[in-house]
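Worksheet for the structure shown next.
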Amino acid sequence: MTLTRDRRTELLAAAPLLATVDAAGLQRIADRTVEVAFTDGHVIARQGEVGTGFFLIASGGARVVRDGTTIATLGPGDFFGELSVLDGRPRVAQVIAAGETTCLALATWDLEAVVNEQPSVGLALARGLAERLRTLTEADRH
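Okay, here's the thing in structure tokens:
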């Protein structure tokens, strides 16, 4: 599968983390992503290791495993790796491809370059993370 720039931009626009990034910012990010294919069972991200990439699933799926227990399943449009990329700390879970999986990958240094070029992207990421945190926090109250 080879994704066009327009398709990469569409996939990124659909990710909740990037929901408030404007069209120019999404195109900048899309231009810096690379398409990576993983086979079934491949460990994409390892718990406890510092990550250097943010991933968005274009096709296929993945399991999120923390301390040997599957805590989530991911599919097209879902993303992972954003925390380690943003804070430089070790990953809190392992992500394993479930079947043939294709992801868009964005390296830490490429994300930082986009934020430096377009500070509004950084603000949009902060808002996306705040929304995700708020959703998790409010879910505990119900």
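According to this note's numbering, the sequence shown is numbered sequentially starting from 928. All C-beta atoms in this analysis are idealised placements derived from N, C-alpha and C, irrespective of residue type, glycine included. Predicted model, so just to flag it, every value in this text is computed and none were measured.
Residue 978 vs residue 1012 beta-carbon contact at 7 Å: Locating residue 978 in the sequence shown gives position 51, where the first residue counts as 1. Locating residue 1012 in the sequence shown gives position 85, where the first residue counts as 1. Cβ distance < 7 Å, so residue 978 and residue 1012 count as in contact.
Beta-carbon proximity list for residue 948, same chain, < 6 Å, skipping 5 on both sides: Counting from 1 along the sequence shown, the entry for residue 948 is found at position 21. Closer than 6 Å at the Cβ level, and outside the excluded window around residue 948, lie 1048 and 1051.
Beta-carbon gap between residue 971 and residue 1024 smaller than 7 Å: Taking the first residue of the sequence shown as 1, we reach residue 971 at position 44. Taking the first residue of the sequence shown as 1, we reach residue 1024 at position 97. Against a cut-off of 7 Å, the Cβ pair of residue 1024 and residue 971 comes out as a contact.
Nearest neighbour of residue 1015, chosen from 989, 976, 1053 and 934 [CA to CA]: Working through the sequence shown from its first residue, we reach residue 1015 at position 88. Residue 976 is the option with its Cα nearest to residue 1015.
Reduced DSSP category for residue 990 - H, G, I as helix; E, B as strand; rest coil: To locate residue 990, count along the sequence shown from 1; it is residue 63. Residue 990 falls in the strand class under three-state DSSP.
Straight-line Cα distance separating residue 959 from residue 1007: Here residue 1007 is taken as the residue at index 80 of the sequence shown, counted from 1. Here residue 959 is taken as the residue at index 32 of the sequence shown, counted from 1. Cα to Cα, the separation comes out at about 17 Å.
Which residues DSSP lists as bridging residue 951, in chain order: Counting from one through the sequence shown, the residue named residue 951 turns up at place 24. DSSP output for residue 951 lists no bridge partner at all.
Own chain, CB closer than 8 Å to residue 954, minus 5 neighbours either side, in chain order: On the sequence shown, residue 954 is found 27 positions in, with the first residue counted as 1. The residues are 932 and 936.
DSSP three-state assignment for residue 938, whether helix, strand or coil: Here residue 938 corresponds to residue number 11 of the sequence shown, with the count starting at 1. Helix at residue 938.
Range of the contiguous alpha helix (DSSP H) that encloses residue 1012: Numbered from its first residue, the sequence shown carries residue 1012 at position 85. Taken as a continuous stretch (DSSP letters only), the alpha helix (DSSP H) holding residue 1012 covers 1009-1014.
Contact belief for residue 1032 with residue 987 at Cβ below 8 Å, rounded distance in angstroms: Here the question's residue 1032 lines up with position 105 in the sequence shown. Here the question's residue 987 lines up with position 60 in the sequence shown. With a Cβ gap of about 14 Å, residue 1032 and residue 987 do not count as contacting.
Under 7 Å between C-beta atoms of residue 990 and residue 997: By one-based count along the sequence shown, residue 990 stands at place 63. By one-based count along the sequence shown, residue 997 stands at place 70. Cβ distance < 7 Å, so residue 990 and residue 997 count as in contact.
Simplified DSSP state of residue 1019, which is helix, strand or coil: Here residue 1019 is taken as the residue at index 92 of the sequence shown, counted from 1. Note: residue 1019 maps to coil in three-state DSSP.
Backbone CA spacing between residue 1000 and residue 992 [nearest angstrom]: In the sequence shown, the residue the question calls residue 1000 occupies position 73. In the sequence shown, the residue the question calls residue 992 occupies position 65. Whole-angstrom Cα-Cα distance: 9 Å.
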